[in-house]
Structures are given as C-alpha cells and as structure tokens.
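Enquirer:
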Amino acid sequence: MESYDVLVIGGGLAGLRAAIAAVEANPRINVGLVSKVYPMRSHTVSAEGGAAAVLRPEDSYETHAFDTIKGSDYLADQDVVEAFVREAPIEVIQMEHWGCPWSRDPDGKISARPFGGMTTWRTCFAADKTGFHMLHTVFQTSLKYEQIHRHDEAFVTKLLIEDSRCVGVVALDQRTGRFDAITAKAVILATGGLGRVYAFTTNGNICTGDGMALAYRAGAGLRDMEMVQFHPTGLPFTGILITEAVRGEGGYLTNKNGDRFLKDYVPNKMELGPRDIISRAMVTEFEAGRGFEGPHGKYMHLDVRHLGEDVIDRKLPFMRELGREFVGIDIVHDPIPVRPVQHYMMGGVDAGISGKTEILGLYAAGECANVGLNGGNRLGSNSLSECLVFGAASGRAAAEYASSAKSVTANPVDAMLWDEARRVEAAYLEKTGGDEKIGTIREEMQRDMDAGAGVFRTKEGLEKLTDQLGGLRERFGRIKIEDSSRTFNTELTATMELDFMLEVSQVIVASALARDESRGAHARRDFPERNDDKYLKHTVAFSRGIEDPRPRLEYRDVRITNFKPQPRIY
Ligand SMILES: Cc1cc2nc3c(=O)[nH]c(=O)nc-3n(C[C@H](O)[C@H](O)[C@H](O)COP(=O)(O)OP(=O)(O)OC[C@H]3O[C@@H](n4cnc5c(N)ncnc54)[C@H](O)[C@@H]3O)c2cc1C
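Structure follows, in structure tokens:
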C-alpha cells in the first residue's frame, strides 16, 4: 500500500500545478500523482487559444473581474473572481520563469490577443498550441521534485472515506490489472471535464467526468451542473475546436447570405461576444433557414481570408493544419465550416476558494471543480489561468492540512480495498451473460444529451431526457463485458467511465430541470428571462445513493461584492 501526505488525481494543468505547489509549500511532504493516462495526454494538451491575465498598463484587475462576472451572467462568486484576477498574472509570469514559450511582442514582452467577452487584449498565448506548451512546462517542472511520485495509467475507481474524512483512493493499475489502495492525508481531485457525455464535443475521449462522479458518490455536492458551455466554432462531424483566437485575430462569422449576422445579436462585440450568446445566435439563424446545409448538418462560415497568409501562419498555424487535415481546405483561401459544439463544464465539485470541499481532506481544482469563478458562462482563456491559480491554491491548502493531519491507518483501508475490488468484479467483470453493449448505451446517452440538454432546453425535453437516462441506467445493469483480460482492459475502463457519465448526466439534467429561468449557458425556451429574485443562486446537487438516481438539490446565494447584477447586453 502506497501512502502519501498529498495525493493528486489528475496529471493535467491543474493537477501538476497542485503537485508542484504542495511540495513548494512544504518540501518535507511527499506527493503522489495518479493519472489514468500519461500526464502529457491530458486534455489540457489540446488547449489552443490562450490564458487570460492582466499584464498590460491599459488593463486593470477591475475590468478583468467585471468581464468575468458579466460573462458569468452574475452567477460567479465575486470574491473568488477578485482573488483570481490578482493571482493570474503572478501565475503567468511563474510559467514564464519555468520556461513556457509565450508568444512575444516585438519589444520582447509577453504578447496578448483579444478574446470573447474580454474588453481588452489580455489573453497570453503560445501561437495556437497554448495548452501543449503550458502542460509541457508544468510537467517538466514537476520532474525536478523527487518528492512527487507518479502513478501513470492508474485509474481511480473510488475515494476512500473513513469517519467522514477522505483518506485516499482505490486505483486500478491498468498494466497489471491489480487494484491498489493509495492512501493520503489529503486528496486533490483534478480530473478535468465531462464533455464525452455529449456526442458532439471538442473534448478528448478521456473527459468522462470521473472525478465529479467519484466525489458525488462519496457525498460531496456538485454545483451548477446545468451550466454546460457550447463553443460556437467546432468543425462539423469531428467536433474539433477552431479556437476563439481565430475571431480574436479578426475572423468573421457569416451566414449563408454572406451576412455577419452577429450584428443582430451582439452588435457592440460582434465576433468577440461571449460563447453562450454566439452559440444561441447561430442556432437561431439555423432555425430561420440562414445556415449552410452540409452532410453533417447545418453550419456557418468562419472567414479569415482577409487576414492574409502571413498573419495566419504566424498566429494560427495549427488552424491551417486542422483545415487541411480534417476538412480538406486551406483557410488562407477558403472559409471554415463551423457549428456550436459542447466544450467545457462550468459546473463541478463544490469547492471553496482554496479547493476545499465539504469532505474533510478532499480538495478539487481545475475543470472538475466549481470554485465559483465561471458561474453561468466561462469566458474563453479563463480556464487555463483557473487551473494555475486554483491548482496552486489547492496544492498549498492540502499541504498545510496534511502537515498537521493524523496518519491513515492500514486496517479499515485494507477492508475497503477488498470491498471495492469485489464491487468492480461483480458490477463489471463478471457481467458476461448480459445482452447490452456499452458502446450502444454510450451512443444513445450522447445522442439524447445532445437533443435534450443542448444550447436550448425545455421542460418537456428535459423530462424526456430524465426518462431516457433512467432507461439507460437500467440497461447498464445488463451489460455484457467480453474482455476478461487483466492487462490494459480498455473495455473495463470504458465501462467504468460510462458508469460515471450516466451519473453526472443525471445531475446535469435534474439541475437544468429545476432552474426555471435562462442564465448564461442555461437557456430555457419556456423561461427565456433571467430571474434574479429567485435564481441568483447556485444549485448544489447531492446523491441520494444508488437506489434513487434523482439528486437532492439545495440552493446557495451567490456572493456579490462590488458588481450589482445588470442586464447582460453586449
Ligand atoms: C480543445 C480544447 C481547447 C481548449 N482551449 C482552451 C484555451 O485556449 N484556453 C482556456 O483557458 N481553456 C481552454 N480549454 C479548456 C481547458 O483546456 C481545460 O478546462 C483545462 O485544460 C482542464 O485542465 P484540468 O487540469 O482540469 O484537466 P485535464 O487536462 O482534462 O486533465 C485531467 C486529468 O485527470 C486524469 N483523470 C481523469 N479521470 C481519472 C481517473 N478516474 N483516474 C485517474 N486519473 C484520472 C486524467 O488522466 C488527466 O490527467 C480548452 C479545452 C478544449 C477541450
């Protein structure tokens, strides 16, 4: 049994930043880092556009805070946003010192580009492969600390809770098929998003909401799960993201009449409006018959031809490559077909400003967490900065807690490990007689989620989806697993991921059904207005146990400091 002071689940930007912060806070502690894939394969690697931070004299913390709060449709906790905007520049400069190759202005300073919903240029970038470079930077930095011990390709199946305290995890070592208990005084969840509950998503295959489901099952709350972000510009069919930086650099969105239709929706911001509003504008245009029709549904044009080859090759070289490889076009000469695509999860494990959850010893950071920063709609480029700021904060807080917390005893842990190994055997591996394939259930879930919990929602659609998910959960009990091998049994891990996805989907839908208003990314056709009297509140969902799939919902006031809610007009 491995034992650590701090155990980080997740090798993406938030997890690696947390691990480094923990050992820097207290060099005497040891840190374990578990990841179901090799850390450099975490979804962070695919982030393209950039990371927001106030670094220029014409910018201010106050404007970054206001942009974020307005972008969130006033569902962000304002004290959290205010702390975030002050820390983000420190983190971006820290990345610079660790070797992140930020793109630069001619005078050598870190460059910035405009991004949606931001009033000024504050998105720092490394061409259009920002996540790749940032992840490399923290990964390489983590290697210099011998106190950080990695468990690559280990899949966490359960959080160990003893006396209401989180004392570690059970993880499946995918190479050997063995279950291990990895204990720790403090555990940080940094497991990323859940985009794969949808069919059409920019998210990698591994984004299956594991950490959210693990925390939920252990008794933690999931906050604002109805807030799912759709990005306006995904490539039809593959869902591959065309970064917002394309619009930041001056790209136009046009409908089939050649109109820059955003003039009717966000006239003052146009292509630099926030994602929720632009996605709704596109769907509204499609419904009015002003979209292009293609083999993979309706789409719009994203046009960068006027920027010229030089700018495209310098600032957006990866987009040119994606156009060539995945659509067969050269974006220097052809417009890019795009349509709204699931992209990011604002909701997540209910956590405080230092990542602390309601469960003693359990912390959460990055996309799997909801610390109150993004509210109803995240602004593009705030997420990478969020992973740095709140990854570091949770690493420090967990290290401090671990320094004084009492050790974990082997006795109950051994029994819990045995129970969990038995549960996995019985729930999945021994299911050889069933008649349901996990691939079929997964596809149906994704299709149903696209249809019922997409850009626009209705009561009827969400109720139908509740029944559909209930039916899928029931069918999941009759799955048939064909692969009984122990080594890299991807059918087993895919089954466990589907189990997690069915769980978090139910929470998304229940939270969306209960919020009878439209705010941020949650747009109800039957309740088109924002209702501050009733819903200036966070939804927090709790599990009622496996017997009853309906979550118990609580509401909590949003913390307002300096920015009174106003109509959200751009
Ligand atoms: C295509 C794309 C482009 C983006 N571009 C930008 C951008 O330009 N700017 C921006 O701010 N944001 C962007 N985002 C969002 C941002 O990249 C993510 O929100 C962020 O990188 C998430 O980082 P993370 O550390 O929370 O999780 P991830 O990077 O997703 O890492 C999750 C980690 O958890 C591990 N894990 C998960 N489940 C388990 C389990 N059961 N057991 C063990 N380990 C587990 C995984 O192995 C992985 O290491 C983009 C997102 C996408 C999808």
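In our numbering, each residue's number is its place in the sequence shown (first place is 1) plus 18. Don't be surprised by glycine CBs; every beta carbon is placed ideally from N, CA and C. A quick note: this is a predicted structure, and the numbers were derived from the prediction, not measured.
Would you call the segment 234 to 249 in contact with the segment 518 to 537, where contact means no fewer than 3 C-beta pairs closer than 8 Å?
Expert: Touching, yes, given that three or more Cβ pairs across the two stretches are closer than 8 Å.
Enquirer: Excluding the 5 residues preceding and the 5 following G195 in the sequence, name in chain order all residues of the same chain whose CB lies nearer than 8 Å to its CB.
Expert: The answer, listed in chain order, is S503, R504, T505, N507.
Enquirer: Name the DSSP beta bridge partners of E572, please?
Expert: Paired residue(s): V558.
Enquirer: Could you tell me which whole beta strand (DSSP E) segments of length 3 or greater appear in the segment 39 to 85?
Expert: Correct list: 49 to 53.
Enquirer: Going by C-alpha distance, which of K449, K54, F494, E500 is nearest R193?
Expert: Closest option to R193, Cα to Cα, is K54.
Enquirer: Could you spell out the range, first to last residue, of the alpha helix (DSSP H) harbouring I166?
Expert: That residue, I166, is in no alpha helix (DSSP H); its beta strand (DSSP E) goes 166 to 170.
Enquirer: At what residues does the alpha helix (DSSP H) containing V442 begin and finish?
Expert: Run containing V442: 428 to 442, per the alpha helix (DSSP H) assignment.
Enquirer: Pairing CB atoms from the segment 288 to 300 with CB atoms from the segment 390 to 397, are three or more of them under 8 Å?
Expert: Yes: the two stretches touch, three or more of their Cβ pairs being nearer than 8 Å.
Enquirer: Measure the Cβ-Cβ separation of V26 and V52 and say whether it is below 9 Å.
Expert: Going by C-beta atoms, V26 is nearer than 9 Å to V52.
Enquirer: With respect to 8 Å, is the separation between the Cβ of I497 and the closest non-hydrogen atom of ligand 1 below this value?
Expert: Incorrect: I497 has no Cβ contact closer than 8 Å to ligand 1.
Enquirer: By a C-beta neighbour count over all protein chains shown, 10 Å radius and 16 as the cutoff for buried, is T458 buried or exposed?
Expert: Exposed is the call here.
Enquirer: Nearer than 8 Å: is that true of the beta carbon of G513 relative to any heavy atom of ligand 1?
Expert: Note on residue identity: the sequence assigns Thr, not Gly, to residue 513. It does not: the Cβ of T513 is nowhere closer than 8 Å to a heavy atom of ligand 1.
Enquirer: Just to check my reading of the structure: T159 and W116 have Cβ atoms closer than 8 Å, yes? What is that Cβ distance to the nearest angstrom?
Expert: Correct: roughly 5 Å between the Cβ atoms.
Enquirer: DSSP three-state label for A130, please.
Expert: Three-state result, A130: coil.
Enquirer: Which term fits F344, buried or exposed, when burial requires 16 or more other beta carbons within 10 angstroms of its beta carbon?
Expert: F344 comes out exposed.
Enquirer: Could you check whether G28 and A208 sit closer than 9 Å to each other, using their CB atoms as the reference points?
Expert: Closer than 9 Å, so yes.
Enquirer: Taking a contact to mean a Cβ-Cβ separation below 9 Å, would you say Q360 touches F218 in this structure?
Expert: Yes.
Enquirer: Ordered along the chain, which non-local residues of its own chain (more than five positions away) have a Cβ less than 7 Å from that of P430?
Expert: E180, listed in sequence order.
Enquirer: Evaluate S372 with the Cβ neighbour count: other Cβ atoms within 10 Å of its Cβ, from every protein chain shown; 16 or more gives buried, anything less gives exposed.
Expert: Buried, by the Cβ-count rule.
Enquirer: Going by DSSP, what residues sit across from S21 in a beta bridge?
Expert: Answer by DSSP bridge pairing, in chain order: T201.
Enquirer: Using a Cβ-Cβ cut-off of 8 Å (strictly less than) and excluding sequence neighbours within five positions of L315, which residues of its own chain qualify?
Expert: Before going on, a small fix: residue 315 reads as Gly here, not Leu. So the list reads P254, R357, once near-sequence residues are dropped.
Enquirer: Are there any heavy atoms of ligand 1 lying less than 8 Å away from the beta-carbon of D242, as far as the coordinates show?
Expert: No, the beta carbon of D242 sits no closer than 8 Å to any heavy atom of ligand 1.
Enquirer: Using the DSSP secondary-structure output, state which residues sit across from K176 in a beta bridge.
Expert: BP columns for K176 point to V188.
Enquirer: Could you check if A428 belongs to the surroundings of ligand 1, using beta carbon to heavy atom distance under 8 Å?
Expert: For ligand 1, not one heavy atom lies less than 8 Å from the Cβ of A428.
Enquirer: Does the Cβ-Cβ distance between E303 and F279 come in under 9 Å?
Expert: Cβ distance < 9 Å, so E303 and F279 count as in contact.
Enquirer: Which residue comes first and which comes last in the beta strand (DSSP E) that contains L447?
Expert: Element bounds for L447: n/a, residue is neither H nor E.
Enquirer: Alpha carbon to alpha carbon, how far is F560 from G237? Give it in angstroms, no decimals.
Expert: Each residue's Cα considered, the two are about 7 Å apart.
Enquirer: Just mark W436 as buried or exposed, buried being the case when its beta carbon has 16 or more other beta carbons within 10 Å.
Expert: Under this definition W436 is an exposed residue.
Enquirer: Going by DSSP, what residues sit across from P355 in a beta bridge?
Expert: P355 pairs with H319.
Enquirer: Classify T175: buried if its beta carbon has 16 or more other beta carbons within 10 angstroms, exposed otherwise.
Expert: When all chains shown are included, T175 counts as buried.
Enquirer: Would you please state the rounded distance, in angstroms, between the beta carbons of A469 and A43? I believe it to be under 8 Å.
Expert: About 46 Å; that fails the 8 Å criterion.
Enquirer: Between which two residues does the alpha helix (DSSP H) carrying F518 extend?
Expert: Counting along the chain, the alpha helix (DSSP H) containing F518 begins and ends at 508 to 532.
Enquirer: Could you give the uninterrupted runs of the beta strand (DSSP E) lying entirely in the segment 205 to 272, keeping only those of 3 residues or more?
Expert: Counting only runs of 3 or more, we get 246 to 252, 270 to 272.
Enquirer: Between H61 and ligand 1, is the CB less than 8 Å from at least one heavy atom?
Expert: Result yes, Cβ under 8 Å from ligand 1.
Enquirer: For ligand 1, any of its heavy atoms closer than 8 Å to the Cβ of P119?
Expert: No - ligand 1 has no heavy atom lying nearer than 8 Å to the Cβ of P119.
Enquirer: For D97 and T450, I'd like the C-alpha separation in whole angstroms.
Expert: Near 52 Å, if we compare the C-alpha coordinates of T450 and D97.
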